[in-house]
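S.K.: Just passing along the structure, written as structure tokens.
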Amino acid sequence: MRYLVIGLIAGVFSALFGVGGGIVVVPLLILVAHFSERPAMGTSLAAIGLIALVGAVSYAFHGELKPGAAAVVGLPAAVGAVLGTGLQQRIQARTLSLGFAALLAGIAIWLLV
Amino acid sequence: MWGLALAAALGLVAGVLSGLFGVGGGILFVPTLTLVLGLTQLHAEASSLLAILPTAAAGVWRQREYGNVRWRAALLLGLGAVAGVEAGVQIAESLPEHALRRLFAVLMLAVAAQLAWRSRRKPPYAS
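So the sequences go chain by chain: Y and X. Residues 2 to 114 (the numbering used here) are what the first sequence spells out, left to right. Residues 272 to 398 (the numbering used here) are what the second sequence spells out, left to right.
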């Protein structure tokens with residue numbers, strides 16, 4: 002039952018923002034369903050795949066989907082994700098993490114002004 | 272042509288970052304689709320969801336090897352999302368373009384703050 006509720010919340014969030022919803026699924030699995038961090042991340046990834054699929058189908062019915070544009074960014078990203086997971090073990094992630102945070106904040110401010 | 276090449280390169284970078292930090296690619300797909308490929312915010316959000324699928328599949332394939340995926344929970348989460356997604360789509364479609372864009376920018380700031388906080392507390396994923 003609580004998985005259905007977490008899924009419901011993640012679904013609204015995911016469709017509203019066009020993101021997978023991991024940012025809400027991972028903490029909810031840890032806090033509400035008492036997952037530890039790694040199973041929460043792994044399970045969240047599988048759930049994100051399903052949630053994004055439902056979202057993409059729903060948007061397709063509303064005629065908002067641009068499959069060509071999605072393929073241009075999505076297919077290279079899958080290759081990148083495999084590379085990134087491999088790098089995870091080797092990189093000092095702290096500095097990079099702050100750099101990534103700064104990048105996101107920069108784009109956000111660009112979008113706001 | 273250059274726009275397509277740049278978008279593909281940014282897609283690759285987004286994938287690497289999502290693998291590194293465990294954040295979905297969507298947070299970077301959406302601005303790439305609007306700022307580089309010129310999609311509207313709504314079209315970008317819709318297409319980002321489709322673009323997430325190969326990245327999530329690649330991630331699951333890796334995590335599955337470590338036994339980190341609980342399939343029953345994941346399936347129930349997906350099932351619960353069906354109703355939620357429809358509500359999210361309706362809200363996104365009813366908001367004006369600039370409001371949706373600003374709301375997304377606020378989400379990016381929140382994710383940035385969370386990343387900064389996590390890196391301050393402990394080295395993320397050091398194990």
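Cβ coordinates follow ideal geometry from the N, Cα and C atoms, glycine included. From a predicted model like this one, the values you see are computed outputs, not experimental measurements.
1) Can you find a CB in chain Y that lies within less than 8 Å of the CB of residue 342/X?
2) 8 Å is my cut-off, CB to CB: does residue 370/X come that close to chain Y?
3) Per the contact definition of three or more C-beta pairs closer than 8 Å, is the region 2-16 of chain Y in contact with the region 33-47 of chain Y?
4) Quick one: Cα of residue 384/X to Cα of residue 24/Y, how far?
5) Does the count of Cβ pairs from the region 101-114 of chain Y and the region 273-281 of chain X closer than 8 Å reach three?
6) So with CB distances below 7 Å, who are the chain X contacts of residue 10/Y?
7) Please state whether DSSP places residue 21/Y in a helix, a strand or coil.
8) Buried or exposed: residue 60/Y, going by 16 or more other Cβ atoms within 10 Å of its Cβ?
9) Against chain Y, with Cβ distances strictly below 8 Å, would residue 379/X count as a contact?
10) Looking only at its chain, what residues have a beta carbon closer than 6 Å to the beta carbon of residue 397/X, apart from the 5 residues adjacent to it on each side?
11) Okay, do the region 94-101 of chain Y and the region 327-344 of chain X touch, 3+ Cβ pairs below 8 Å being the bar?
12) With a CB to CB cut of under 7 Å and the five nearest residues on each side skipped, what residues in its chain are close to residue 318/X?
13) Comparing alpha-carbon positions, which option in 64/Y, 82/Y, 38/Y, 50/Y lies nearest residue 349/X?
14) Determine the extent of the alpha helix (DSSP H) in which residue 86/Y is found, giving its start and end residues.
15) Using only the alpha-carbon positions, how far apart do residue 47/Y and residue 17/Y sit?
16) Report yes if the C-beta distance between residue 105/Y and residue 287/X is below 8 Å; otherwise report no.
17) Any chance the region 65-74 of chain Y sits against the region 314-330 of chain X, with 3 or more Cβ pairs inside 8 Å?
18) Evaluate residue 15/Y with the Cβ neighbour count: other Cβ atoms within 10 Å of its Cβ, from every protein chain shown; 16 or more gives buried, anything less gives exposed.
19) Alpha carbon to alpha carbon, what distance is there between residue 352/X and residue 327/X?
20) For residue 272/X, which of helix, strand or coil comes out of DSSP?
21) Quick one: residues in its chain with C-beta nearer than 6 Å to the C-beta of residue 382/X, no 5 flanking neighbours on either side, listed in chain order?
22) Note down, in chain order, all residues in the region 284-313 of chain X with a beta-carbon under 7 Å from any beta-carbon belonging to chain Y.
23) Determine the direct distance from the alpha carbon of residue 341/X to that of residue 63/Y, and round the result to whole angstroms.
24) Measuring CA to CA, which of 292/X, 274/X, 296/X is closest to residue 76/Y?
M.R.: According to the structure shown:
1) yes
2) no
3) yes
4) 12 Å
5) no
6) 355
7) coil
8) buried
9) yes
10) Note that residue 397/X scores 42 on pLDDT, short of 50, meaning its location in the model is unreliable; the coordinates nonetheless yield the value given after this. None.
11) no
12) 304, 310
13) 50/Y
14) 68-88
15) 20 Å
16) no
17) yes
18) buried
19) 16 Å
20) coil
21) 298
22) 284, 285, 286, 287, 288, 289, 290, 291, 292, 293, 294, 295, 296, 297, 298, 300, 301, 302, 303, 304, 308, 310, 313
23) 32 Å
24) 296/X
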